[in-house]
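In the order they appear, the protein sequences are chains A and B. The numbering of the first sequence is my numbering, which starts it at 1 and goes up by one. The numbering of the second sequence is my numbering, which starts it at 116 and goes up by one. The next block holds one structure in the form of structure tokens; read it before the comments.
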Amino acid sequence: GDSVTQTEGQVTVSESKSLIINCTYSATSIGYPNLFWYVRYPGEGLQLLLKVITAGQKGSSRGFEATYNKEATSFHLQKASVQESDSAVYYCALSENQGGRALIFGTGTTVSVSP
Amino acid sequence: GPKVLQIPSHQIIDMGQMVTLNCDPVSNHLYFYWYKQILGQQMEFLVNFYNGKVMEKSKLFKDQFSVERPDGSYFTLKIQPTALEDSAVYFCASSLAEGPEVFFGKGTRLTVV
């Protein structure tokens, strides 16, 4: 079936350093999935960080970027210079390219940014 | 931004009893969802609901589970009877028909004892 893999469960990074969170996906039943990064800040609900629905395109938000790489089936999240306020749990997800369909999530990556 | 509200945030229930989890979705949204996350595991889709009907459900959506949204009020997930393995955080979500963006609540932590 379809799945999303995040290899890092926990990442610690110093403020102002760069961050990459890896995400790969398998979409055997979905030809061209929509790809998402969701984030949960401490004490808050899950919220959409960015989405990309077209292969080859890049999404960006709050200094984060992710490129939909169909050949590598990857959607890695990057930020050039993190801040303490970026400490959160980040989830990669995919869905069919149609409104109302289920999201398939990765296991999440907890990012701790130290001052 | 738009908010999905879940009530209560935490509920403890005896095994075998019935529980209803309530969700107040974003007001103009038309699709509603429940997801389940067991501690340390990924969030998994349970069911989605549109126009008064279940559209799709996963194998986690057991026969003991039911959903409804009577007359535009709360979107509810009922579990009857509850089992120990139902202990998890349940997330409600909603979306517009045409957009892929889904808005999530903060979750209800259900503990079955």
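Even for Gly, the Cβ is constructed at its ideal location relative to N, Cα and C.
Interface residue (Cβ-Cβ distance to chain A less than 7 Å): Gln132 of chain B is not classified as such. The alpha-carbon of Asp178 of chain B is positioned some 38 Å away from that of His76 of chain A. Nearest neighbour of Gln195 of chain B by Cα position, chosen from B:Phe219, B:Gln132 and B:Val162, turns out to be B:Gln132.
By alpha-carbon distance to Leu35 of chain A, the top candidate from A:Ala88, A:Ala27 and A:Gln78 is A:Ala27.
For Phe75 of chain A, there is no enclosing beta strand (DSSP E), as DSSP marks it with neither H nor E. When Cβ-Cβ separations below 7 Å define contact, Leu48 of chain A makes contact with chain B. Relative to Asp2 of chain A, the option among A:Gly31, A:Thr109, A:Ser14 and A:Gln57 whose CA is nearest is A:Gly31. Looking at A:Gly100, A:Asn69 and A:Ser61, the one whose alpha-carbon comes closest to that of Cys23 of chain A is A:Asn69. Here Asp86 of chain A is buried. Its C-beta has 16 or more other C-beta atoms within 10 Å. Within chain A, the residues whose beta carbon sits less than 8 Å from that of Glu171 of chain B are Arg101 and Ala102, listed in sequence order. For Lys51 of chain A and Trp37 of chain A, the gap between their C-alpha atoms comes out near 6 Å. Gln10 of chain A: member of the beta strand (DSSP E) spanning Gln10 to Ser14, first to last residue.
For chain A, the residues of the stretch 152 to 165 of chain B that bring a beta carbon within less than 8 Å of one of its beta carbons are Gln156, Gln157, Met158, Glu159, Phe160, Asn163 and Tyr165, in chain order.
Neighbours of Thr107 of chain A in chain B, taken as residues whose beta carbon is under 8 Å from its own, are Gln156 and Gln157 in chain order.
The stretch 211 to 228 of chain B makes contact with the stretch 119 to 136 of chain B: 3 or more CB pairs, one atom from each, lie closer than 8 Å. Boundaries of the beta strand (DSSP E) harbouring Asn137 of chain B: Val134 to Asp139, taken from the DSSP string. The shortest C-alpha to C-alpha distance from Asp186 of chain B to any of B:Ser142, B:Gly220, B:Ile122 and B:Ala198 is the one to B:Ser142.
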